[in-house]
Amino acid sequence: MTAERRAWLWPILLLVTIFTLSGTSNIATPDIGLQFSKDKVAHFLVFGLLATAILRVPVLKKRGWRGALIAASIAIAFGGFDELRQSFTPGRSVELADWIADSLGALLACALYRFDSPYRQALEWRVRREKKKDESLL
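The following block contains the structure:
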């Protein structure tokens with residue numbers, strides 16, 4: 001498997017996980033002591049993670065803002081599809097607010113990745129560390 005194809009592994013695994021979990025009835029959300037909806041926070045964070053994972057694929061990462069918009073669009077479209085699919089799952093319902101949280105999470109995560117160096121560096125830390133190790137062997 002090429003490195004380009006391997007880069008799609010995490011986004012695809014995350015897509016499959018979201019698809020599988022959202023197809024089950026009555027998923028319990030953990031109580032983290034916040035007053036606002038834990039469900040919306042979870043949507044925001046998970047789809048932010050998904051968009052970032054997609055953006056880290058080299059073919060999109062090289063495209064700058066265009067790649068960020070493509071990654072966010074993929075995550076947003078999947079969020080919309082997943083919300084509609086939930087209408088066929090007993091115990092689940094379609095909520096526009098969930099899709100809005102998905103969209104905002106995806107957009108903010110992609111913007112942070114493009115603009116916020118500490119966020120990007122935290123995600124790329126292992127890659128940089130391995131690269132430095134490889135360079136020291138030369």
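Residue 35 in full-length UniProt numbering sits at position 35 of the sequence shown, with consecutive numbering throughout.
Ideal Cβ placement from N, Cα and C applies to all residues, glycine included.
Please read all numbers here as calculations on a predicted model, not as lab measurements.
Quick one: grab the DSSP three-state call for residue i.
{"i": "T20", "result": "helix"}
{"i": "S117", "result": "helix"}
{"i": "W8", "result": "coil"}
{"i": "S25", "result": "coil"}
{"i": "S37", "result": "coil"}
Does any heavy atom of the ligand ZN sit closer than 6 Å to the C-beta of residue i?
{"i": "K38", "result": "Looking at this structure, you won't find the ligand ZN or any other ligand, since it has none at all."}
Beta carbon of residue i, beta carbon of residue j: below 7 Å?
{"i": "A77", "j": "A51", "result": "no"}
{"i": "G48", "j": "G105", "result": "yes"}
Tell me which same chain residues have a C-beta within less than 6 Å of the C-beta of residue i, skipping the five on either side of it?
{"i": "W125", "result": "none"}
Might you give, ordered along the chain, the residues of its own chain that have their beta carbon closer than 7 Å to the beta carbon of residue i, omitting 5 neighbours on each side?
{"i": "I74", "result": "I54"}
>> As an exercise, report each continuous alpha helix (DSSP H) stretch of at least 4 residues that is fully enclosed by the region 44-99, in chain order.
In response: You should have 58-61, 65-85.
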